[in-house]
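Enquirer:
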Amino acid sequence: MQVNPYHSTITERDDKLVAIASRVRAQKCLRAVLLLLLIPAIYNYVEFDMEAIGSQQLPGFVPHLFRSVNILGMVVGTLLIWKVGLRILEIFALGIRTFVGRRIEFTAWMDVFYGSITNAVWLAVPG
Numbered sequence: 018m019q020v021n022p023y024h025s026t027i028t029e030r031d032d033k034l035v036a037i038a039s040r041v042r043a044q045k046c047l048r049a050v051l052l053l054l055l056i057p058a059i060y061n062y063v064e065f066d067m068e069a070i071g072s073q074q075l076p077g078f079v080p081h082l083f084r085s086v087n088i089l090g091m092v093v094g095t096l097l098i099w100k101v102g103l104r105i106l107e108i109f110a111l112g113i114r115t116f117v118g119r120r121i122e123f124t125a126w127m128d129v130f131y132g133s134i135t136n137a138v139w140l141a142v143p144g
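All letters in the sequence shown, in the order written, are residues 18 to 144 by my numbering.
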């Protein structure tokens, strides 16, 4: 089968734009999920701080160490998920695809993947 030299590239460009748009939408939804889940995480940290660290039963520098490590962990974790969270999930999805869905077309696999991330916002609402 020969490639048609007069084949229009508009459909190829449109497919790429749709793929980019669905990835951007998934990125926005993942960040919205992160922000939604950050609220109970901060509340959990404050309650833990008041009960465990604020009880004045820990010696010397340990309360300051716990506070520093917990806050640093939340900030670093949030920034990592914000910046590379979708890329990490894409790597996992491609790894699963190599074992389970080799016969499925790559763009179809990624469309379903991005669609499931877009729907994940509703799963995060109960928190």
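Even glycine gets a Cβ: it sits at the ideal position worked out from N, Cα and C.
As the structure is a prediction and not an experimental result, all values here were calculated from the model.
Helix, strand or coil: how does DSSP classify glutamine 74 here?
Expert: When secondary structure is reduced to three states using DSSP, glutamine 74 falls in the coil class, being assigned neither helix nor strand.
Enquirer: Cutting at 8 Å between CB atoms, please list the residues of its own chain near glycine 118, excluding the five before and the five after it.
Expert: Trp126
Enquirer: Return yes when the Cβ of threonine 95 is within less than 8 Å of the Cβ of leucine 140, no when it is not.
Expert: no
Enquirer: Can you grab the Cα-Cα spacing for the pair glycine 90 / proline 22, in whole Å?
Expert: 55 Å
Enquirer: Closer than 8 Å is the cut-off here; do at least three beta carbon pairs connect the stretch 35-55 with the stretch 99-112?
Expert: yes
Enquirer: Compute the Euclidean distance between the alpha carbons of valine 6 and leucine 82, then round it to the nearest angstrom.
Expert: In the structure as shown, the chain starts at 18 and stops at 144, and residue 6 therefore has no counterpart that could be examined.
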